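Colleague: Structure incoming, see below.
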Amino acid sequence: MKPDSDLLDHLLHRRSTPPKCLASPAPDEATLQRILQAAESAPDHGGLHPWRFLVIEGEGLERLGEVFVEAMQRRDPAATEAVLERERERALRPPLIVAAIARRQPGHAKIPEIEQLLAAGTATHQVVLATEALGFGVVWLTGLRVYDEYVMQALGLAADETLIGLINIGTRTESAPTKGKKRRRAEVERWGD
Ligand SMILES: Cc1cc2nc3c(=O)[nH]c(=O)nc-3n(C[C@H](O)[C@H](O)[C@H](O)COP(=O)(O)O)c2cc1C
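For the sequence shown, our numbering assigns the number 711 to the initial residue and increments by one for each residue that follows.
Okay, structure coming up:
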């Protein structure tokens with residue numbers, strides 16, 4: 711691959727977009743496929759492919775909102791209407807959510823679980839980067855609902871799968887921040903000189 715200063719520039723200036731600043735339109739089907747394809751070049755020790763994605767749009771987001779409400783009620787039966795409504799809205803802010811799922815192979819002879827999880831996280835970040843590269847806004851979110859067993863079950867996850875993020879995607883609104891936050895200087899020391 712030739713040196714690509716645009717790619718480096720993109721990495722250095724990447725910024726997430728708050729979910730309230732993500733509006734329709736979402737990427738169309740062909741664009742979404744290109745975005746998700748970016749996951750497939752994530753580094754993956756042993757080629758276990760320990761990730762998969764669910765695309766959630768339209769009615770799916772309404773159903774996801776319901777699931778968040780039910781999960782909240784199970785976590786806190788005393789949750790107020792306002793709290794439940796906020797849970798529902800979390801699913802309805804962006805026009806598209808990609809649920810990122812990590813698959814575990816516990817006790818694998820060569821690839822420890824931490825490496826499997828790192829590969830799934832890297833694949834997910836490739837999706838984040840590809841989304842931004844194509845001009846859309848995106849943010850990787852989790853929160854209690856993502857680690858909630860009820861939510862994972864409702865999304866159809868198997869026992870060896872974990873939800874690792876809800877990638878909120880959409881078109882950046884005019885109110886979206888135009889600049890990323892100031893980045894820290896990389897924390898690096900030389901060792902062994
Ligand atoms: C695994 C993971 C989970 C995250 N969960 C949340 C979250 O629930 N809420 C949140 O505000 N940011 C969350 N973030 C951070 C945002 O994705 C984002 O990085 C942050 O808003 C800072 O913006 P920046 O990416 O432009 O630096 C998470 C990031 C990762 C990698």
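Glycine residues also receive a C-beta, built at the ideal position from the N, C-alpha and C atoms.
These numbers were taken from a predicted model, which means no experiment stands behind them.
If Pro787 and Pro735 are in contact, beta carbons under 8 Å, what's the gap, nearest whole angstrom?
Modeller: Not quite, the Cβ-Cβ distance comes to about 39 Å (not below 8 Å), so this is no contact.
Colleague: For the segment 777-792 against the segment 813-828, are there 3 or more C-beta pairs whose distance is under 8 Å?
Modeller: no
Colleague: Check whether the Cβ of Leu806 lies closer than 7 Å to any heavy atom of ligand 1, and answer yes or no.
Modeller: No, the Cβ of Leu806 stays beyond 7 Å of every heavy atom of ligand 1.
Colleague: Which residue or residues does DSSP assign as beta-bridge partners of Trp850?
Modeller: Ile877
Colleague: Could you name the residues that DSSP lists as bridge partners for Trp761?
Modeller: Ala812
Colleague: Scan the segment 730-791 and note each continuous beta strand (DSSP E) run of 3 residues or more that stays entirely inside, going in chain order.
Modeller: 761-767
Colleague: Does Ile821 come out as helix, strand or coil in the three-state DSSP assignment?
Modeller: coil
Colleague: In or out: Gln863 buried (at least 16 other Cβ within 10 Å) or exposed?
Modeller: Exposed, because fewer than 16 other Cβ atoms sit within 10 Å of the Cβ of Gln863.
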